[in-house]
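Visitor: Chains as they are written, first to last, in this note's numbering: chain A, 1 to 147; chain B, 1001 to 1147.
Right, I'll just put the structure down here and ask away after.
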DNA sequence: CTGCAAGTTGAAGTTAACTTCAGCTCAAGC
DNA sequence: GCTTGAGCTGAAGTTAACTTCAACTTGCAG
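What follows is the structure in structure tokens.
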């Protein structure tokens, strides 16, 4: 069992065969071919697919994932530290997303009490007259002043 | 200034006129018309738009937002407690999303140390042989057993 | 009254991330 | 060697949430 068929990789990774073909067209994963033109995946591809799935959970687009995967060495199977380096890249982004949602949660909790949701008064939908220079809309939550 | 033009509402809410027309077609907001067929928005629509923007941040689809807005009284302008009731609905969902991301962050932090990202061993991409009954893929993070 | 920014419409386009389809070929068990 | 499930391809379809376009109309300042 040196290599995997597309169906095997699909079951192992939890990603549909159609998605795996799509990832290959998009240059995210690679497959060799049998004499009969069927895909055969090296076991190392499992880890690439795992990386793709995790990065998607973090909220990274396939474009950026492709870019990250392109930075892996081509002449050898990536090591743990190669993967470690790549994973570290997403952590800051993930923490930012969590912070945004936590801020939203805290302010929404406050708003459940006051029921305002007012563009004039509510902290959630910060008043345009106080932050007019930053444009209208819920700036406070979406683009906090501290950032 | 009893009512707002579409341009005024756009500036006030931070939502593009095209999006406001789209929301109206989708039954999320309402506008009356002038003799010349131009939209005029009651100031109460500002709050509806604010609610839509916040719900989107929470990760709620327009379909669900429409459903929630449909539960507002039609015969009177919604009160603070009407809005409060609606906002409370999204809090649990928001907290779940935060929990998923925090779990992901914690495990990704661990994985940066080990660099594994392995479908066989890594906590992030839970082994199919241990949770085979729940299907393949990163079950541990996406659909935690406790749920 | 005129000019022109702002508004109107329906239809079509956009983006991401896939899925579905039709028509065909491959591979493995009996 | 036959059957049948698995795999192949390119093209088209899907969904959400809008945006863009073209052609036309309104409303208000001067």
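All C-beta atoms, glycine included, are put in the ideal place defined by N, C-alpha and C.
Taking only beta carbons into account, state which residues of the segment 1042-1054 of chain B come closer than 7 Å to chain A, listed in chain order.
Guide: 1046, 1047, 1050, 1051, 1053, 1054
Visitor: Select from the segment 55-72 of chain A all residues with a C-beta closer than 8 Å to any C-beta belonging to chain B, and list them in chain order.
Guide: Within the segment 55-72 of chain A, the qualifying residues are 57, 58.
Visitor: So which of 1073/B, 1020/B, 1109/B, 1102/B has the shortest CA-CA distance to residue 1053/B?
Guide: Residue 1053/B sits at position 53 when you count from the first residue of the second chain. Here the closest residue by C-alpha is 1020/B.
Visitor: What are the residues that DSSP puts in a beta bridge with residue 4/A?
Guide: Indexing the first chain from 1 puts residue 4/A at position 4. Residue 4/A is bridged to 41/A.
Visitor: Grab the span of the alpha helix (DSSP H) containing residue 1076/B for me, first residue to last.
Guide: Taking the first residue of the second chain as 1, we reach residue 1076/B at position 76. First-last for residue 1076/B: undefined, no H or E at that position.
Visitor: So which residues on chain B does residue 94/A lean against when the C-beta distance must stay under 8 Å?
Guide: Residue numbering aside, residue 94/A sits at position 94 when the first chain is read from its first letter. Residues of chain B passing the Cβ test: 1101, 1104, 1105, 1108.
Visitor: Is it the case that the Cβ atoms of residue 1033/B and residue 1004/B are separated by a distance below 8 Å?
Guide: Counted from its first residue, the second chain places residue 1033/B at position 33. Counted from its first residue, the second chain places residue 1004/B at position 4. No.
Visitor: Write down the C-beta distance between residue 55/A and residue 83/A rounded to the nearest angstrom, noting that I regard them as a contact closer than 8 Å.
Guide: Translated into the one-based positions of the first chain, residue 55/A becomes position 55. Translated into the one-based positions of the first chain, residue 83/A becomes position 83. Incorrect: roughly 11 Å between the Cβ atoms, too far for contact.
Visitor: List the residues of chain A that residue 1091/B touches, going by C-beta distances under 8 Å, in chain order.
Guide: What you label residue 1091/B is simply residue 91 of the second chain in a count that begins at 1. Under the 8 Å cutoff, chain A gives 105, 108, 109, 112.
Visitor: Quick one: grab the DSSP three-state call for residue 1032/B.
Guide: Locating residue 1032/B in the second chain gives position 32, counting from the first residue. Residue state, collapsed to three classes: strand.
Visitor: Any beta carbon from chain B within less than 8 Å of residue 28/A's own beta carbon?
Guide: Translated into positions along the first chain, residue 28/A becomes position 28. Cβ-Cβ to chain B under 8 Å: no for residue 28/A.
Visitor: Skipping 5 residues on each side, what residues in its chain have a beta carbon closer than 6 Å to that of residue 990/B?
Guide: The displayed coordinates of chain B run from 1001 to 1147. Any statement about residue 990/B would go beyond what the structure contains.
Visitor: State the CB to CB distance for the pair residue 1098/B and residue 101/A, rounded to an integer number of angstroms; the pair is presumed to be in contact (CB under 8 Å).
Guide: As a first step, residue 1098/B must be located in the second chain, where it is residue number 98. As a first step, residue 101/A must be located in the first chain, where it is residue number 101. Right, the Cβ-Cβ distance comes to about 5 Å (below 8 Å), so this counts as a contact.
Visitor: Just mark residue 1045/B as buried or exposed, buried being the case when its beta carbon has 16 or more other beta carbons within 10 Å.
Guide: Within the second chain, residue 1045/B is the residue found at index 45, counting from 1. Residue 1045/B should be labelled buried.
Visitor: From residue 1064/B to residue 1057/B, what does the alpha carbon distance come to, in whole angstroms?
Guide: Here residue 1064/B is taken as the residue at index 64 of the second chain, counted from 1. Here residue 1057/B is taken as the residue at index 57 of the second chain, counted from 1. Roughly 13 Å separates the two Cα atoms.
Visitor: Looking at the structure shown, is residue 1061/B part of a helix, part of a strand, or coil, going by DSSP?
Guide: Looking up residue 1061/B in the second chain gives position 61. If DSSP states are grouped into helix, strand and coil, residue 1061/B belongs with coil.
Visitor: I'd like to know if residue 148/A contacts chain B, where contact means its C-beta is closer than 8 Å to some C-beta of that chain.
Guide: What is shown of chain A runs 1 to 147, which leaves residue 148/A out entirely.
Visitor: Given residue 27/A, which residues of its chain have a CB within under 6 Å of its CB, disregarding the five upstream and five downstream residues?
Guide: Mapped onto the first chain, residue 27/A falls at position 27. Around residue 27/A: 66.
Visitor: Under a Cβ-count criterion, where at least 16 other Cβ atoms within 10 Å of its own Cβ denotes burial, should residue 76/A be classed as buried or exposed?
Guide: One-based indexing of the first chain puts residue 76/A at position 76. By the 10 Å Cβ count, residue 76/A comes out exposed.
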